[in-house]
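Visitor: Quick one: the structure is below, questions incoming.
In my numbering, the protein residues as written are 33 to 492.
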């Protein structure tokens, strides 16, 4: 009689949101379906299951410590039955032979491979020493170690330091907020518009808020080099200008960590992002989720790169369930995101969902869009603050295509109502006439989001 087969060896590469969601859900589903899994997780870092999105707020002093950003410790993962190995980098994969090779030469076998490697920050050549490390007082904002390093840099630089933030996207705006709240001087340099994921009329409002809060804003420019004292930054040059600087934050984007899969003939985007199906499958015995992947945008059926924790955890959970015999699926997204910029008397909530005008035109729509201004509460209430809402719909089908919001306290989460209509494939009329709550401290009798939708509907 042959010996019984052992448990299915599941190896997860990456121990943050997607990887650990997949690992835990696989074990939960396996208990339900009667399968036996041995789950091993490998990660080159020293931390697991932490909120990278919370790091700017830790840097600003709003979060007490890096430990507060950790959802589950390594010990908690191991207590749940996961063989978690930190400080282990996977450098190569043999998918045919089902083995991984680590940086120390160890070979790890698997029956099912889950790729959840995330995406490190992009660092340009001008920020690096000859050995590839970053110049002194130059850094990124991606990991808990980065956050701790920035707290040390802030303390060493002193209260009159000037910070140059390279990049005007979500992280750039959040780090500018952090530095300004700490009383530091700030310059933001971006090669395009600030918050270019917004339409011009909305991004202009964010840019104005940065300037009103005391930041210097350099648009349409690219950093070309640094001034150094020995190996420590003292200034920044860009095409068209320069200035002295004590600290430089690089926030120009991230790239999927999929280099160890080179030559594996897996479906990938040009930037190396994997393209898993709704259950997380990439190929036979290969699964993927998280920031190393693209996601499908339901509105135009396009693959787009949107590295957000909400997508990582949802896709990771669906992956783990499917791998262990379940049927959960992550059925794409509608491109919803939110942040804020809040310094002193300046407070903006910034949110978007759906397509941009350019996306809509590329998808073959005939878009109609309007910007509507109003207040977040009834005008006679002390809570009332300005809000601007951009709504776009298709001229022929009346289908809602996109909504963007910039405004004061209470403005941002209105985006979720629009996202729900987009998710359901609804029209601008659905948004204009759906039943939303009203009381003077929270809204106007005609909710401003619905006024904005009604105005577009009347144009169609």
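Think of the CB as a built atom: it goes at the ideal place given N, C-alpha and C, for glycine as much as any other residue.
(1) Secondary structure at residue 227, three-state DSSP: helix, strand or coil?
(2) Would you identify the three-state DSSP class for residue 539, choosing helix, strand or coil?
(3) From the DSSP output, in three-state form, read off residue 386 for me.
(4) Which residue wins for smallest C-alpha separation from residue 482, given the options 435, 442, 128 and 440?
(5) Report whether the distance from the Cβ of residue 339 to the nearest heavy atom of the ligand MN is below 6 angstroms.
(6) Among 210, 154, 402 and 199, whose alpha-carbon lies nearest the alpha-carbon of residue 376?
(7) Does the Cβ-Cβ distance between residue 43 and residue 72 come in under 7 angstroms?
(8) Spell out a yes or no on whether the stretch 398-409 and the stretch 341-351 are touching, meaning 3 or more CB-CB pairs, one atom from each, closer than 8 angstroms.
(9) Where does residue 397 sit, in a helix, a strand or coil, going by DSSP?
(10) Hey, could you find the ends of the alpha helix (DSSP H) residue 235 is sitting in?
(11) What is the C-beta distance between residue 397 and residue 426, in whole angstroms, given that I count them as a contact (C-beta under 8 angstroms)?
(12) Going by DSSP in three states, residue 251 sits in which element: helix, strand or coil?
(13) Indicate the three-state DSSP secondary structure (helix, strand or coil) for residue 286 in the structure shown.
(14) State the CB to CB distance for the pair residue 430 and residue 476, rounded to an integer number of angstroms; the pair is presumed to be in contact (CB under 8 angstroms).
(15) In the DSSP assignment, find the alpha helix (DSSP H) that holds residue 52 and state where it starts and stops.
(16) Can you tell me the Cβ-Cβ gap for residue 324 and residue 301, rounded? I've got them flagged as a contact below 8 angstroms.
(17) Can you give me the start and stop residues for the alpha helix (DSSP H) that residue 489 sits inside?
(18) Would you identify the three-state DSSP class for residue 138, choosing helix, strand or coil?
(19) Can you tell me which of 86, 98 and 480 puts its alpha carbon nearest to the alpha carbon of residue 444?
(20) Does the Cβ of residue 428 have 16 or more other Cβ atoms within 10 Å, making it buried, or fewer, making it exposed?
(21) Suppose only complete runs of 3+ residues qualify. What are the beta strand (DSSP E) ranges in the stretch 105-183, listed by chain order?
(22) Let me check one thing: in DSSP terms, what residues is residue 186 bridge-paired to?
(23) When the Cβ atoms of the stretch 153-167 are set against those of the stretch 51-71, are three or more pairs found closer than 8 angstroms?
(24) Under the three-state reduction of DSSP, which class applies to residue 373: helix, strand or coil?
(25) Comparing alpha-carbon positions, which option in 163, 241, 281 and 156 lies nearest residue 197?
(26) Are the beta-carbon atoms of residue 238 and residue 227 separated by less than 7 angstroms?
(27) Out of 97, 449 and 455, which one is the CA nearest neighbour of residue 29?
(28) By how many angstroms is the C-alpha of residue 381 removed from the C-alpha of residue 171?
(29) Going by the DSSP bridge assignment, what does residue 194 pair with across the sheet?
(30) Counting Cβ pairs closer than 8 angstroms, one from the stretch 171-185 and one from the stretch 308-323, do we hit at least three?
(31) So, with DSSP's three-state summary, where would you put residue 315?
(32) In the structure shown, what three-state DSSP assignment does residue 347 receive?
(33) Compare the C-alpha of residue 123 against each of 108, 147 and 113 and name the closest.
(34) Write down the C-beta distance between residue 266 and residue 158 rounded to the nearest angstrom, noting that I regard them as a contact closer than 8 angstroms.
(35) Give me, in chain order, the residues of the same chain whose beta-carbon lies closer than 6 angstroms to that of residue 329; leave out the 5 immediate sequence neighbours on both sides.
Guide: Quick answer:
(1) coil
(2) The chain is shown from 33 up to 492; residue 539 falls before or after that span and cannot be answered.
(3) Three-state DSSP puts residue 386 in a strand.
(4) 435
(5) This structure simply doesn't include the ligand MN, nor any ligand for that matter.
(6) 210
(7) For residue 43 and residue 72, yes; Cβs fall inside 7 angstroms.
(8) no
(9) coil
(10) 232-244
(11) 5 angstroms
(12) Strand, per DSSP.
(13) strand
(14) At roughly 24 angstroms, the Cβ-Cβ gap does not stay under 8 angstroms, so residue 430 and residue 476 are not in contact.
(15) 49-65
(16) Contact doesn't hold; Cβ gap of about 11 angstroms is too wide.
(17) 480-491
(18) coil
(19) The candidate whose alpha carbon is nearest that of residue 444 is 480.
(20) exposed
(21) 115-118, 122-126, 131-134, 139-141 and 144-147
(22) Per DSSP, none; premise fails for residue 186.
(23) Output reads no: the stretch 51-71 does not touch the stretch 153-167.
(24) strand
(25) 281
(26) yes
(27) Residue 29 falls outside the range modelled here, since the chain spans only 33 to 492, and no answer is possible.
(28) 26 angstroms
(29) 217
(30) no
(31) strand
(32) Note: residue 347 maps to helix in three-state DSSP.
(33) The candidate whose alpha carbon is nearest that of residue 123 is 147.
(34) About 14 angstroms separates the two Cβ atoms, so there is no contact after all.
(35) Answer for residue 329: 336 and 367, listed in chain order.
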